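Okay, so here's the structure we're looking at.
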Amino acid sequence: MMKDLKEKDDILRATDGGLKVFQHYLGDKVVAGVKFKNPFYTDTIASCNLYYGKTCGRYFLVDFGDSGERGDCFWFVAKWENLDYHNDFEEILRVIDNELCLNIFKDDKKPVTQKSEKPKFVATIVPSNSNTILPFNIRVNEHFSSAEKAYWQQYGIDEATLERYNVKSVNYFSSQKKDGTPYEIQADGSPFFGYYFGGGEGVKIYRPGHFHRFVYAGKLPHPYVFGLDQLSQHGETLYFTGGEKDVLSLSSHGFHTISLNSETAKVPQGLLQSLSGRFERLVFLYDTDETGLKEASSRVEETRNLGYKNVAQVKLPLAGTKQEKDISDFFRLGHQASELQELTEQEFYDNVNRKTFRR
């Protein structure tokens, strides 16, 4: 049983606490906060939801219409495959390992249970309150302060780039939380910015140095992709990076770039198809900490598995600490655009073009 526990933990680590297991069976649209119909019986009301247990670090499916329907990914697979959770636990682990191609088990033993003939269920999604438009009031300054200009300039970001990407200096902001609780933020002399999107219908507040650096309000696009409207129609290399500041820094240095809402977000297939037709090469340039390196590698693998071969992960020569881990830090520390270009060309020469040629 101790071996089972180790492999159970390995599976949870490899599947983001079981989220990828649920998505494998129910579809990628199933995420925390989105309601869907119960896959185990004919359900007329979308009463199921996923929630993340912070204490145990895993996701649970809960049917609020049936208090008995509740469990983690192992419970779910046991129910899906008609296995006994307590007596067939190793079998459950092997099914997950086999279905998701995780290679957790190093032996050649295959699960006794045959791969389910049941067609993959695609959850019927019902919009939840997570998509509620949060009203906001904002007052912006006509010009950036000297401190704000200095903040951006350390990353090589000029005012023309800030204007192009609809970045504003903010003096006052107020909105409400999802539960309706109002709040406001007053300028205190430290950098205080707003990233506008959707023609001004939405905003992402950014306050570097504060504990709560980011706040969203207004109408949020799904998916959230920063820099998409500013992209050229065609180009050689497109960089996916970890956030708005990285996009601004890369763009100021002459690179094509966008960012998703987070490094853990998958690239929507429709977006991927569109971008691959406009750019010859796709590069994932995420932070050099453990999470960033892992997620960039995962995005490359996912993209290649969809048939896109001209894809690479570029790793920056940075320590991966809070002080130096992203492309903005790369330029702040004195590195040049030509160095990033060399790293990119070397990566494609060493790990992309040669692999393609060998095939």
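Sequential numbering of the sequence shown, starting at 1, is according to the working numbering.
A virtual CB, placed ideally from N, CA and C, is assigned to each residue, including glycine.
Everything numeric in this text was worked out from a predicted model, so none of it was measured.
>> As a quick exercise: from I205, E142 and V352, pick the residue whose alpha carbon is nearest that of L220.
In response: In the sequence shown, the residue the question calls residue 220 occupies position 220. Among I205, E142 and V352, the Cα nearest to that of L220 is on I205.
> Among E244, S298, A337 and S232, which residue has its Cα nearest to the Cα of E280?
Replying inline: Here residue 280 corresponds to residue number 280 of the sequence shown, with the count starting at 1. When each option's Cα is compared against that of E280, the closest is S232.
> Which same chain residues, not among the five before or five after Q154, have their C-beta less than 6 Å away from its C-beta?
Replying inline: Along the sequence shown, read from residue 1 onward, the residue named residue 154 stands at position 154. Here the set comprises R332.
>> Going residue by residue through the stretch 229–261, where are the continuous beta strand (DSSP E) segments of at least 3 residues, counting only ones entirely within it?
In response: 235–241 and 256–259
> In or out: G227 buried (at least 16 other Cβ within 10 Å) or exposed?
Replying inline: Taking the first residue of the sequence shown as 1, we reach residue 227 at position 227. By the neighbour-count rule (16 or more Cβ atoms within 10 Å), G227 is buried.
>> Which same chain residues end up closer than 8 Å to Q323 when comparing Cβ atoms and leaving out the 5 residues on each side of it in sequence?
In response: Counting from one through the sequence shown, the residue named residue 323 turns up at place 323. Excluding positions up to five away in sequence, the list reads D329.
>> List, from N- to C-terminal side, the alpha helix (DSSP H) runs of 4 residues or more that fit wholly inside the stretch 80–114.
In response: 89–99
>> Beta-carbon within less than 8 Å of T15's beta-carbon, same chain only, minus the 5 sequence neighbours each way: which residues are those?
In response: Translated into positions along the sequence shown, residue 15 becomes position 15. Only V21, C73, I96, L100 and L102 meet the Cβ criterion.
> How about R207 and P223: do their beta carbons lie closer than 8 Å?
Replying inline: The residue you call residue 207 lines up with position 207 of the sequence shown. The residue you call residue 223 lines up with position 223 of the sequence shown. Contact flag unset, no.
> What residues in its chain sit with their C-beta under 7 Å from that of Q313, if we drop five residues either side in the sequence?
Replying inline: Taking the first residue of the sequence shown as 1, we reach residue 313 at position 313. F284, A296, S297 and V300.
> Is the closest heavy atom of the ligand GDP to the C-beta of S145 under 7 Å?
Replying inline: With respect to the ligand GDP, the structure shown offers nothing to examine, as it has no ligands at all.
> How many Å lie between P127 and E345 at the Cα?
Replying inline: Translated into positions along the sequence shown, residue 127 becomes position 127. Translated into positions along the sequence shown, residue 345 becomes position 345. For P127, the predicted structure reports a pLDDT of 42, less than 50, and the residue's modelled location is therefore unreliable. The matter cannot be settled from this model.
> How would you label F173, buried or exposed, when you count the other beta carbons within 10 angstroms and need 16 or more for buried?
Replying inline: Locating residue 173 in the sequence shown gives position 173, counting from the first residue. Answer is buried; the Cβ neighbour count reaches 16.
>> Per DSSP, what are the beta-bridge partners of I157 in this structure?
In response: Against the sequence shown, residue 157 aligns to sequence position 157. According to DSSP, I157 bridges with nothing at all.
>> Starting from A296, trace the alpha helix (DSSP H) in both directions and tell me its first and last residue.
In response: As a working mapping, residue 296 is identified with position 296 in the sequence shown. Residues E290 to N305.
> Hey, quick one: how far does the beta strand (DSSP E) through K325 stretch, first residue to last?
Replying inline: Working through the sequence shown from its first residue, we reach residue 325 at position 325. Taken as a continuous stretch (DSSP letters only), K325 belongs to no beta strand (DSSP E), as it is neither H nor E.
> Would you call the stretch 178–186 and the stretch 194–202 touching, i.e. three or more CB-CB distances under 8 Å?
Replying inline: no
>> I'd like the list of long-range same chain contacts for I138, defined as Cβ closer than 6 Å, with 5 residues on each side in sequence excluded.
In response: As a working note, residue 138 is residue 138 in the sequence shown. Cβ within range, chain order: F173.
> Are L19 and P39 closer than 8 Å when you measure CB to CB?
Replying inline: Here residue 19 refers to the residue found at position 19 of the sequence shown. Here residue 39 refers to the residue found at position 39 of the sequence shown. No, these two residues do not count as a Cβ contact at 8 Å.
> For K20, which three-state DSSP category applies?
Replying inline: Reading the sequence shown from its first residue, position 20 is the one you call residue 20. Three-state result, K20: helix.
> For the beta strand (DSSP E) that contains S313, what are its first and last residues?
Replying inline: As a first step, residue 313 is located in the sequence shown; it is residue number 313 there, counting from the start. Checking the displayed sequence, the identity of residue 313 turns out to be Gln instead of Ser. Where Q313 is concerned, the enclosing beta strand (DSSP E) stretches over V311 to Q313.
>> Here's the rule: buried if 16 or more other CB atoms are within 10 angstroms of the residue's CB, otherwise exposed. What is H234?
In response: Along the sequence shown, one-based indexing puts residue 234 at 234. By the 10 Å Cβ count, H234 comes out exposed.
> How is the beta strand (DSSP E) around E184 delimited, first residue to last?
Replying inline: Position 184 of the sequence shown, counting from 1, holds the residue named residue 184. It spans P182 to Q186 - the beta strand (DSSP E) in which E184 sits, taken as one unbroken run.
> Who are the near neighbours of F255 in its chain, counting only those whose CB is closer than 8 Å to its CB and skipping five residues on each side?
Replying inline: Here residue 255 is taken as the residue at index 255 of the sequence shown, counted from 1. These residues qualify, in order along the chain: T237, Y239, A337 and L340.
> In terms of DSSP beta bridges, what is Y445 paired with?
Replying inline: Because the chain in this structure spans residues 1 to 359, residue 445 falls outside the shown range and cannot be described.
> Considering only residues of the same chain and omitting the five flanking positions on each side of V30, which have a CB-CB separation below 7 Å?
Replying inline: Walking along the sequence shown from the start, residue 30 turns up at place 30. Closer than 7 Å at Cβ, skipping near neighbours: F22, Q23, F36, L50 and A123.
> Based on the DSSP output, what are the partners of G33 in its beta bridges?
Replying inline: What you label residue 33 is simply residue 33 of the sequence shown in a count that begins at 1. In DSSP, G33 forms no bridge with anything.
> In whole angstroms, what separates the C-alpha of D9 from that of W75?
Replying inline: Counted from its first residue, the sequence shown places residue 9 at position 9. Counted from its first residue, the sequence shown places residue 75 at position 75. Spanning the two alpha carbons is a distance of roughly 15 Å.
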